[in-house]
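Since the structure comes first, as structure tokens, the remarks are kept for the end.
Chains as they are written, first to last, in the numbering used here: chain A, 1110 to 1537; chain B, 21 to 122.
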């Protein structure tokens, strides 16, 4: 590590996954200067994936069970963590951040790891009775306090978060309805064949799906506080809990008002491939950051656990003047309907999807793979309860190897053998 | 402390793992680059069998969320795991693979 960093201060605004990874990376690269982290929530950095799953399902689970680092990590690493405080602005000319209580923190480098917040619908204000948005641990704890096996839960939005919440609430015994404006689940992010499979599986689990539907009118019943919803197809639904899961907005306002460039399309903080913004000592990583995708040339803002970790790792290295290792191949997971579902890469237009295994939506523990190919080259893979097999495919996707479709679908050939053969053929 | 013979260890190929139990403890035997390793079989992040995971670069990777553990030390090498797994001493004798279980 270049020596000049040892007297410097790195300030991290935000305290989620990206912040936790940045801190870890800075210390593991032997940065011995000052690290300050300011988090708006009252808790140390914690994992968000459990908020829609274990944290909601297990009555005894508290935030300490999902914390990313142990308390020792911060004390041993001499990391100053300021919790429950908001940064109200940064002054990039003076290299100072101002907290809402007026306190000033000076920095040599500033990393925005501000994440995002649930996109709110004006008809359902945050905090109103019966209405829930799930983004923070407190959001989950509030829902968990009142969620009962007899609850009637209506979920707005059939994306990953909406379906995870539906799955957890249903497993607790609640009656669950999901309202999705598109004609199918996960239309943008998953192959049609998987979308159909997930719909089948959700319905088999007793979840009612209202696809291609919107809420036309809603009313709070004065006696019970319950919400009565009328869909545009005429269906009437009563909700003890309405959970709105219609995406998130990145927290980029503080950066924008400091003159940091923010993308007009994604509203994310614009960064280069090393996480640097238009201001040379200001970086951004995770849900709040937007970068140019090398393949498509488009500005993308990725909302994933892996992306938060990878962008934070890369930004931390770049701050220290170390050339970062390239970002890992895009990977995403969701746990729902008793399945561990993982994806590598992204779906594209004109992709053909090959199936390996039994794509049975009603099996207790289904196990299959999908491979997205274009001109016989594999670009995307999805696994249901077959994570290690998906992992074996990663090399193929990274190297853009062309494959034999029949061999992929032949379960008599072990997946590792299939990968080795395809890779060897590509080298020849 | 005892040396315990692991059944079917010799059927294992490189880059393969095998789950087994000793006194009710779930353990996993891993074979990588012709070396045998034994570790706990349950991921410290969330319940999953590491014997169903992926072996590469001296690590066993969990099949659920890709947490990696060093085969030699058990150390958690990548998120989401932060707590390591136990690893156990292994030896080969008379064509058998044995694990030292405390």
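Even glycine gets a Cβ: it sits at the ideal position worked out from N, Cα and C.
1) Have a look at residue 90 of chain B and residue 1334 of chain A and give me their C-alpha separation to the nearest angstrom.
2) Can you give me the start and stop residues for the beta strand (DSSP E) that residue 1121 of chain A sits inside?
3) Figure out for me which residue from A/1399, A/1450, A/1204, A/1366 has the closest Cα to the Cα of residue 1218 of chain A.
4) Would you call the CB atoms of residue 83 of chain B and residue 68 of chain B closer than 7 Å?
5) Can you give the Cα-Cα distance for residue 1543 of chain A and residue 1534 of chain A, rounded to whole angstroms?
6) What residues in its chain sit with their C-beta under 7 Å from that of residue 1330 of chain A, if we drop five residues either side in the sequence?
7) Going by Cα to Cα distance, which pick from A/1221, A/1222, A/1199, A/1220 is closest to residue 1211 of chain A?
8) Would you mind listing the beta strand (DSSP E) stretches within the segment 1375-1454 of chain A that are 3+ residues and don't spill past its ends, in chain order?
9) Can you look up residue 1465 of chain A in the DSSP assignment and give me helix, strand or coil?
10) Going along the chain, which unbroken runs of the alpha helix (DSSP H) with 4 or more residues stay wholly within the segment 1214-1250 of chain A?
11) Measure from the C-beta of residue 83 of chain B to each C-beta in chain A and report whether the shortest distance is under 7 Å.
12) Tell me, which residues are paired with residue 1261 of chain A by DSSP?
13) Since residue 62 of chain B sits in a beta bridge, which residues does DSSP pair it with?
14) Can you give me, in chain order, the residues of the segment 69-94 of chain B that have a beta carbon less than 8 Å from any beta carbon in chain A?
15) Pull up the DSSP beta-bridge partners for residue 1477 of chain A, would you.
16) When you check each C-beta in the segment 1490-1501 of chain A against every C-beta of chain B, which residues fall closer than 7 Å?
17) Judging by CA-CA distance, which residue of B/54, B/106, B/26 is the nearest neighbour of residue 70 of chain B?
18) Let me check understanding here. Comparing Cα to Cα, which of A/1455, A/1527, A/1428 lies closest to residue 1405 of chain A?
19) Determine the chain B residues that contact residue 1156 of chain A at a beta-carbon separation under 8 Å, and present them in chain order.
20) Just verifying my parser: in three-state terms, what is the DSSP assignment at residue 50 of chain B?
21) How long is the line joining the alpha carbons of residue 1123 of chain A and residue 1226 of chain A, rounded to whole angstroms?
22) Give the DSSP-derived three-state secondary structure of residue 45 of chain B in the structure shown.
23) With distances taken from CA atoms, which of A/1522, A/1516, A/1531, A/1518 is nearest residue 1506 of chain A?
24) Closest Cβ-Cβ distance between residue 1418 of chain A and chain E: below 7 Å?
25) Please look up how many angstroms separate the CB atoms of residue 1120 of chain A and residue 1393 of chain A, rounded, as I've assumed it's under 8 Å.
26) Count the other CB atoms, across all protein chains shown, that sit within 10 Å of the CB of residue 1485 of chain A; report buried if there are 16 or more and exposed otherwise.
27) So residue 1149 of chain A is in the alpha helix (DSSP H); what residue range does that whole segment cover?
28) Can you give, in chain order, each stretch of the alpha helix (DSSP H) that sits fully within the segment 1283-1343 of chain A and has at least 4 residues?
29) Using a Cβ distance threshold of 8 Å, determine whether the segment 1341-1355 of chain A contacts the segment 1230-1243 of chain A, with at least three qualifying pairs required.
30) Examine the Cβ distances between the segment 1168-1185 of chain A and the segment 1287-1305 of chain A and report whether three or more of them are shorter than 8 Å.
31) Reducing DSSP to helix, strand and coil, say where residue 1163 of chain A ends up.
32) Residue 63 of chain B: buried (16+ other C-beta within 10 angstroms of its C-beta) or exposed?
33) Report the residues of the segment 33-49 of chain B with a CB closer than 7 Å to any CB of chain A, ordered along the chain.
34) Please check the pair residue 1170 of chain A and residue 1163 of chain A, which I expect to be a contact at CB under 8 Å, by giving their CB distance rounded to whole angstroms.
35) Taking the alpha carbon of residue 1606 of chain A as the reference point, which residue from A/1292, A/1523, A/1384, A/1179 has its own alpha carbon closest?
36) Figure out for me which residue from A/1190, A/1152, A/1372, A/1128 has the closest Cα to the Cα of residue 1176 of chain A.
According to the structure shown:
1) 53 Å
2) 1118-1122
3) A/1204
4) yes
5) Limits of chain A in this structure are 1110 at one end and 1537 at the other, which puts residue 1543 of chain A out of reach.
6) 1337
7) A/1199
8) 1391-1393, 1398-1401, 1440-1445, 1448-1453
9) strand
10) none
11) yes
12) A/1284
13) B/69
14) 72, 73, 74, 81, 82, 83, 84, 85, 86
15) A/1466, A/1493
16) 1496, 1497, 1500, 1501
17) B/106
18) A/1455
19) 100
20) strand
21) 12 Å
22) strand
23) A/1531
24) Among the protein chains of the structure shown, namely A and B, there is no chain E.
25) Actually they are not in contact, since the Cβ atoms of residue 1120 of chain A and residue 1393 of chain A sit about 13 Å apart, beyond 8 Å.
26) exposed
27) Taken as a continuous stretch (DSSP letters only), residue 1149 of chain A belongs to no alpha helix (DSSP H), as it is neither H nor E.
28) 1301-1313
29) yes
30) no
31) helix
32) buried
33) 35
34) 6 Å
35) With chain A running from 1110 to 1537 in the structure shown, residue 1606 of chain A is simply not present.
36) A/1152
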